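Q:
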Amino acid sequence: KIFQAVVSCVGHDGTIYIIPKSFEIELNKLITEIQSNFKCLGLLEPYCWEKGEACVVRGSDTMWYRGKVVELGGSTLQVQYVDHGCIERIPQCHLYPTTLYTGIPPFCIPCQLYKTVPIGNFWQQDAVDCLQELLTNEEVEIHVQELPENPWGKLSINLYFGGMSLSSFMAYQKYCVAEDCQDIPELELLKGDIPVSPSYMLPPLPIPGDTFPVRVTHLVSPKEVYICLDPSKNLMKQSTTEGDANCDSELESLDKALKWCNKSVESFPLLTHFQTEMPCLVEYQDGLWYRAKLLSIEESDPVKVLVQFVDYGSFSVVPTSRLRHIPHHLLKYPVQAVRALVAGFKPALYDKNVTRIPYSPEWSVEALWAMMECVEGKQLSASILALSPEVTISLYEDDQNLVHMKLIEMGLADLDE
Numbered sequence: 001k002i003f004q005a006v007v008s009c010v011g012h013d014g015t016i017y018i019i020p021k022s023f024e025i026e027l028n029k030l031i032t033e034i035q036s037n038f039k040c041l042g043l044l045e046p047y048c049w050e051k052g053e054a055c056v057v058r059g060s061d062t063m064w065y066r067g068k069v070v071e072l073g074g075s076t077l078q079v080q081y082v083d084h085g086c087i088e089r090i091p092q093c094h095l096y097p098t099t100l101y102t103g104i105p106p107f108c109i110p111c112q113l114y115k116t117v118p119i120g121n122f123w124q125q126d127a128v129d130c131l132q133e134l135l136t137n138e139e140v141e142i143h144v145q146e147l148p149e150n151p152w153g154k155l156s157i158n159l160y161f162g163g164m165s166l167s168s169f170m171a172y173q174k175y176c177v178a179e180d181c182q183d184i185p186e187l188e189l190l191k192g193d194i195p196v197s198p199s200y201m202l203p204p205l206p207i208p209g210d211t212f213p214v215r216v217t218h219l220v221s222p223k224e225v226y227i228c229l230d231p232s233k234n235l236m237k238q239s240t241t242e243g244d245a246n247c248d249s250e251l252e253s254l255d256k257a258l259k260w261c262n263k264s265v266e267s268f269p270l271l272t273h274f275q276t277e278m279p280c281l282v283e284y285q286d287g288l289w290y291r292a293k294l295l296s297i298e299e300s301d302p303v304k305v306l307v308q309f310v311d312y313g314s315f316s317v318v319p320t321s322r323l324r325h326i327p328h329h330l331l332k333y334p335v336q337a338v339r340a341l342v343a344g345f346k347p348a349l350y351d352k353n354v355t356r357i358p359y360s361p362e363w364s365v366e367a368l369w370a371m372m373e374c375v376e377g378k379q380l381s382a383s384i385l386a387l388s389p390e391v392t393i394s395l396y397e398d399d400q401n402l403v404h405m406k407l408i409e410m411g412l413a414d415l416d417e
């Protein structure tokens with residue numbers, strides 16, 4: 001059985017507590033009902049608690065939850081939140097004994113990784129910290145492998161986050177030994193000595209002549225742009241097709257996979273071998289890591305490398321400390337940004353008194369700024385005129401006007417028949 005779940009808690013012994021997504025509505029109903037039934041402060045008079053006794057617990061968010069006493073001791077008791085799995089020390093005044101809800105089974109399921117043996121036969125503290133950091137409150141995919149012999153025991157599972165197997169990841173980090181992990185090679189980071197360096201895939205492009213929604217993610221010059229196909233919007237002739245749905249879910253999966261990579265990027269090795277077009281992860285100025293490829297070495301002391309962010313098209317020169325090996329599974333998602341030439345216009349006649357773009361001197365800097373103004377942050381549409389030798393497009397505004405007409409009106413470009 002395969003289902004989506006949210007990890008509510010990772011216990012100190014490495015037990016993973018999950019709440020199946022299908023349980024969420026019922027759980028929220030129960031929590032709402034408990035709030036309406038318990039409006040008191042908790043039990044203020046002395047009470048003789050017993051181990052295993054059912055109660056409600058006032059959490060740090062001042063909400064009441066189902067609980068169970070797991071350990072006695074002085075003024076505080078160790079209590080497990082029945083529907084989330086976590087165990088906390090709670091003062092007696094935040095507890096109330098009740099058997100009101102004992103007939104409803106717990107909503108969270110305790111799990112263990114299938115055929116995965118922690119180093120030393122129990123999860124060490126650093127491994128538990130890693131699991132907690134990686135999984136708490138995250139949505140994951142669960143593949144049930146074995147039911148427990150005792151109904152209160154742990155479910156044996158394979159857990160996948162962002163397309164990656166948790167057993168493989170923990171084995172790769174040397175926290176455990178996974179007996180039958182087929183996907184360890186999947187996780188292997190790209191090593192510099194691979195004779196043929198793998199590369200990213202290009203996304204499937206619409207049929208020439210069809211109009212499709214796009215965003216411009218980067219401009220090299222007014223004529224050379226990087227576009228991102230926007231599957232969430234469907235304009236004109238395009239109806240919602242299966243391809244769009246796939247593209248949408250692929251984008252969502254890529255976002256999830258990158259989110260997970262950002263959580264564990266510190267464990268990925270730094271790049272030590274540089275090869276043109278080589279895929280890698282690069283830290284952007286917002287502190288997050290994105291997919292990129294190496295283009296060239298720009299400086300040698302210290303080494304600085306020119307990279308391109310493949311899902312946006314933009315370029316950056318970065319020190320080697322901001323480059324990491326990329327996990328193999330991130331290569332299965334096509335790049336999001338496609339280079340295209342915009343047809344229908346050419347640079348205005350050369351005027352040497354105007355500031356030029358250094359790397360593309362046929363264009364003035366003013367024309368570049370004007371084009372940026374026309375496209376930045378806007379929902380546009382495009383149609384492909386040619387796929388080779390280069391992808392060439394017509395680019396339209398919302399009202400079906402060609403984007404470049406503004407440049408022509410301003411005298412910054414001429415029509416190109």
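With UniProt numbering as the guide, the letters of the sequence shown map in order to residues 1 to 417.
We treat Cβ as the ideally placed atom computed from N, Cα and C, and that holds for glycine.
Just so we're clear, the structure is a prediction, and the values are computed from it rather than from any experiment.
1) How many whole angstroms separate the CB atoms of Leu412 and Ala343, which I take to be in contact at a CB cut-off of 8 angstroms?
2) Arg66 and Gly42 look like a contact to me (Cβ under 8 angstroms); what is the Cβ gap, rounded to whole Å?
3) Determine which residues share a DSSP beta bridge with His143 and list them.
4) Look up His218 in the DSSP assignment and give the residues it is bridged to.
5) Rounded C-beta distance between Phe212 and Ala337? I'm assuming under 8 angstroms.
6) Provide the residue span of the beta strand (DSSP E) that contains Leu295, from first to last.
7) Which same chain residues end up closer than 7 angstroms to Leu331 when comparing Cβ atoms and leaving out the 5 residues on each side of it in sequence?
8) Using a Cβ distance threshold of 8 angstroms, determine whether the stretch 40 to 56 contacts the stretch 155 to 163, with at least three qualifying pairs required.
9) Would you mind stating whether Leu113 and Ser168 have Cβ atoms separated by less than 8 angstroms?
10) Looking at C-alpha atoms only, which residue of Phe268, Val216 and Ser360 is the closest neighbour of Gln379?
11) Could I get the ranges of all uninterrupted beta strand (DSSP E) runs contained in the stretch 260 to 291, with 3 residues as the minimum, in chain order?
12) Could you spell out the range, first to last residue, of the alpha helix (DSSP H) harbouring Gln35?
13) Going by the CB atoms, is the gap between Pro206 and Pro334 shorter than 8 angstroms?
14) Suppose the cutoff is 6 angstroms on Cβ atoms and the five residues either side in sequence are ignored; what does the same chain contact list for Val354 look like?
15) What are the boundary residues of the alpha helix (DSSP H) that includes Gln132?
16) Who are Val317's beta bridge partners in DSSP?
17) State the DSSP-derived secondary structure class of Val70, mapped to helix, strand or coil.
18) Identify whether Met372 lies in helix, strand or coil by the three-state DSSP scheme.
19) Could you give the residue range of the alpha helix (DSSP H) that holds Ile408?
20) Mapping the DSSP letters down to three states, classify Glu362 as helix, strand or coil.
21) Considering only the alpha carbon of each residue, which of Tyr96, Lys223, Ile19 and Pro151 lies closest to Met372?
22) Does the beta-carbon of Ser296 have 16 or more other beta-carbons within 10 angstroms, so that it is buried, or is it exposed?
23) Which one of Cys111, Glu33 and Val6 has the shortest CA to CA distance from Val144?
24) Expressed to the nearest angstrom, what Euclidean distance is found between the alpha-carbon atoms of Asp414 and Val6?
25) Report yes if the CB atom of Leu131 is closer than 8 angstroms to the CB atom of Ser264, and no otherwise.
26) When DSSP labels each residue in this structure, what does Asp61 get in the three-state scheme?
27) Using beta-carbon positions only, say whether Val317 and Val282 come within less than 8 angstroms of one another.
28) Name the one or two DSSP bridge partners that Cys111 has.
29) Can you say whether Met410 is buried or exposed, counting buried as having 16 or more other CB atoms within 10 angstroms of its CB?
30) Report the option in Leu288, Ile18, Thr320 and Ile357 whose CA atom is closest to the CA atom of Asp301.
31) Expressed to the nearest angstrom, what Euclidean distance is found between the alpha-carbon atoms of Leu407 and Cys108?
32) Express the C-alpha separation of Ile384 and Asp230 in angstroms, rounding to a whole number.
33) By alpha-carbon positions, which one of Leu271, Gln4 and His328 ends up nearest to Ala257?
34) When the Cα atoms are used, what is the spatial distance from Ile19 to Pro105?
35) Express the C-alpha separation of Met164 and Leu323 in angstroms, rounding to a whole number.
36) Using alpha carbons as the reference points, say which of Ser253, Ala386 and Leu27 lies closest to Glu141.
A: With the given structure in hand:
1) Your numbering for residue 412 matches position 412 in the sequence shown. Your numbering for residue 343 matches position 343 in the sequence shown. Not really, about 17 angstroms apart at Cβ, beyond 8 angstroms.
2) The residue given as residue 66 occupies position 66 in the sequence shown. The residue given as residue 42 occupies position 42 in the sequence shown. Between Gly42 and Arg66 the Cβ distance is about 14 angstroms, and since that is not below 8 angstroms, they are no contact.
3) As a working note, residue 143 is residue 143 in the sequence shown. The beta-bridge partner set that DSSP reports for His143 consists of Ile2 and Asn158.
4) The residue you call residue 218 lines up with position 218 of the sequence shown. DSSP output for His218 lists Tyr226 as bridge partner(s).
5) For this step, residue 212 is matched to residue 212 along the sequence shown. For this step, residue 337 is matched to residue 337 along the sequence shown. That pair is no contact at about 15 angstroms.
6) On the sequence shown, position 295 is the one that residue 295 refers to. Note, Leu295: beta strand (DSSP E), Trp289 to Ser300.
7) If you number the sequence shown from 1, residue 331 lands on position 331. Cβ-Cβ distances below 7 angstroms link Leu331 to Pro198, Tyr200 and Pro279 in the same chain, with the five nearest sequence neighbours on each side left out; the list follows chain order.
8) no
9) Start at 1 with the first residue of the sequence shown, and residue 113 comes out as number 113. Start at 1 with the first residue of the sequence shown, and residue 168 comes out as number 168. It is not a contact, given that the beta carbons lie outside the stated cut-off.
10) One-based indexing of the sequence shown puts residue 379 at position 379. Gln379 has its Cα closest to that of Val216, out of Phe268, Val216 and Ser360.
11) 279 to 283
12) Counted from its first residue, the sequence shown places residue 35 at position 35. For Gln35, the enclosing alpha helix (DSSP H) begins and ends at Glu24 to Asn37.
13) What you label residue 334 is simply residue 334 of the sequence shown in a count that begins at 1. What you label residue 206 is simply residue 206 of the sequence shown in a count that begins at 1. Contact: no.
14) Taking the first residue of the sequence shown as position 1, residue 354 is located at position 354. Within the same chain, Val354 has close Cβ partners Ser364.
15) The residue labelled residue 132 in the question sits at position 132 within the sequence shown. Counting along the chain, the alpha helix (DSSP H) containing Gln132 begins and ends at Gln125 to Leu135.
16) On the sequence shown, residue 317 is found 317 positions in, with the first residue counted as 1. Its beta-bridge partners are Leu306.
17) What you label residue 70 is simply residue 70 of the sequence shown in a count that begins at 1. DSSP places Val70 in strand when its eight states are reduced to three.
18) Locating residue 372 in the sequence shown gives position 372, where the first residue counts as 1. Helix, per DSSP.
19) As a position in the sequence shown, residue 408 is number 408, starting the count at 1. It spans Met405 to Glu409 - the alpha helix (DSSP H) in which Ile408 sits, taken as one unbroken run.
20) For the purposes of this step, residue 362 is taken as the residue at position 362 of the sequence shown. In the structure shown, Glu362 sits in a strand (DSSP, three-state: E or B).
21) Within the sequence shown, residue 372 is the residue found at index 372, counting from 1. It is Lys223 whose Cα lies nearest to the Cα of Met372.
22) To locate residue 296, count along the sequence shown from 1; it is residue 296. The residue in question, Ser296, is exposed, as its Cβ has fewer than 16 Cβ neighbours within 10 Å.
23) Along the sequence shown, read from residue 1 onward, the residue named residue 144 stands at position 144. Of the candidates Cys111, Glu33 and Val6, the one whose C-alpha sits nearest the C-alpha of Val144 is Cys111.
24) Residue 414 sits at position 414 when you count from the first residue of the sequence shown. Residue 6 sits at position 6 when you count from the first residue of the sequence shown. Straight-line Cα distance between these residues: approximately 56 angstroms.
25) For the purposes of this step, residue 131 is taken as residue 131 along the sequence shown, with counting starting at 1. For the purposes of this step, residue 264 is taken as residue 264 along the sequence shown, with counting starting at 1. No.
26) By one-based count along the sequence shown, residue 61 stands at place 61. Of the three classes helix, strand and coil, the one that applies to Asp61 here is coil, per DSSP.
27) The residue labelled residue 317 in the question sits at position 317 within the sequence shown. The residue labelled residue 282 in the question sits at position 282 within the sequence shown. With respect to the 8 angstroms criterion, Val317 and Val282 are not classified as neighbours on the basis of their beta carbons.
28) Mapped onto the sequence shown, residue 111 falls at position 111. The partner list for Cys111 (beta bridge, DSSP) reads Ile16 and Leu155.
29) Here residue 410 refers to the residue found at position 410 when the sequence shown is read from its first residue. Under this definition Met410 is an exposed residue.
30) Taking the sequence shown and counting its residues from 1, one reaches residue 301 at position 301. The shortest C-alpha separation from Asp301 is found at Thr320.
31) One-based indexing of the sequence shown puts residue 407 at position 407. One-based indexing of the sequence shown puts residue 108 at position 108. Computed Cα separation, rounded: 60 angstroms.
32) Counted from its first residue, the sequence shown places residue 230 at position 230. Counted from its first residue, the sequence shown places residue 384 at position 384. Cα to Cα, the separation comes out at about 15 angstroms.
33) Position 257 of the sequence shown, counted from the start, is the residue given in the question as residue 257. Nearest option by C-alpha distance: His328.
34) Within the sequence shown, residue 19 is the residue found at index 19, counting from 1. Within the sequence shown, residue 105 is the residue found at index 105, counting from 1. Roughly 12 angstroms between the two C-alpha positions.
35) Mapped onto the sequence shown, residue 323 falls at position 323. Mapped onto the sequence shown, residue 164 falls at position 164. So the alpha carbons of these two residues sit roughly 21 angstroms apart.
36) If you number the sequence shown from 1, residue 141 lands on position 141. Cα-wise, what sits closest to Glu141 is Ser253.
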